Structures are given as structure tokens and as C-alpha cells.
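Next comes the structure, spelled out in C-alpha cells:
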């Protein structure tokens, strides 16, 4: 299948997954879903609707990042670390992220189905179409 003439915007969770996996410690699992057996430290990435903008080459995408760990302190510190890496992402060449704006800073957002502390943050990323 050929790409459309104007190009295709890459799938944002895939790019952010690869980036976070490359910068976070090895004991942190980065995923786009919560596995049946949740690891001790987990970062999940999901997308949410946002305005598409009018630029044909660049397009915003909104991501919801959730961070789990064994204690509130661990989860909070990991969430702040993820937030800092996201803010730095636009300065890292080759990751596909043109800009990152954290629109919702890390806050405790417990999962009602588990007793594990969970934090959530929201970020808008700008991506370039691939031709």
C-alpha cells in the first residue's frame, strides 16, 4: 500500500513507547496496555482525541501516561521522571517527537481495581508526517 501524497502521521504511542523504553531504567516496563500480571513498575501509554490542527506536515496527538509502582513515593517519583523525560524529548534527535507539551502534570490517580498507587499525566506531542 502506498502512502498518501501528504504522508502519514506515525502512531504516537509507538514513538513514545520506544523513546521512554530507551531512557527509563531496565526495571520499568513500558507498554500500551496493562498486562494481566502487572509488573512492579509499569508505565502505560494511551492516546486520546485532540484537535488535528491545520498543518499538513505536523499534527498534534494527545497521550495519557499512567505510572504504577509499589508505593506512592515510588510511583510519584517515577511519574515525575517520565514527565521530565517527555519534556526533554524534543531535544533528542531521531526519536520522531517534534515537540512535547505536558498539559496535565503528574497527579495521583488510583486504579479502583487494584491497591497499587497510580499516577497519571497528559502530554501533547507534535509529529511530522512520513512520506
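Numbering (our numbering), first residue to last: 960 to 1090. Yeah, the Cβ is synthetic: ideal placement off N, Cα and C, and Gly gets one too. Quick caveat, the model's predicted, so the values are computed rather than measured.
Separation of residue j from residue i, as counted between CA atoms
i: residue 970; j: residue 1086; result: 9 Å
i: residue 966; j: residue 1015; result: 9 Å
i: residue 1055; j: residue 1029; result: 32 Å
i: residue 1043; j: residue 1082; result: 11 Å
i: residue 991; j: residue 1013; result: 28 Å
i: residue 1084; j: residue 996; result: 29 Å
i: residue 1069; j: residue 1033; result: 14 Å
i: residue 1021; j: residue 984; result: 24 Å
i: residue 986; j: residue 1011; result: 35 Å
i: residue 1007; j: residue 993; result: 17 Å
i: residue 1049; j: residue 1063; result: 18 Å
Residues bridged to residue i [DSSP beta-bridge criterion]
i: residue 1083; result: 1021, 1060
i: residue 997; result: Residue 997 pairs with nothing; no bridge assigned.
i: residue 1027; result: 1001, 1077
i: residue 989; result: 1002
i: residue 977; result: DSSP output for residue 977 lists no bridge partner at all.
Per-residue DSSP class, three states only, for residue i
i: residue 970; result: coil
i: residue 1016; result: coil
C-beta atoms of residue i and residue j nearer than 8 Å
i: residue 1023; j: residue 1005; result: yes
i: residue 1046; j: residue 1017; result: no
i: residue 1036; j: residue 1076; result: no
i: residue 1065; j: residue 1038; result: yes
i: residue 998; j: residue 988; result: yes
i: residue 978; j: residue 1000; result: no
i: residue 1003; j: residue 1025; result: yes
i: residue 1080; j: residue 1061; result: yes
Extent of the continuous alpha helix (DSSP H) run through residue i
i: residue 1041; result: 1031-1047
Contact test: residue i Cβ vs the ligand ATP heavy atom, cutoff 7 Å
i: residue 1068; result: The model depicted lacks the ligand ATP and carries no ligand whatsoever.
Limits of the beta strand (DSSP E) - the one that residue i falls within
i: residue 1051; result: Element bounds for residue 1051: n/a, residue is neither H nor E.
i: residue 1089; result: Counting along the chain, residue 1089 falls outside any beta strand (DSSP E), and DSSP gives it neither H nor E.
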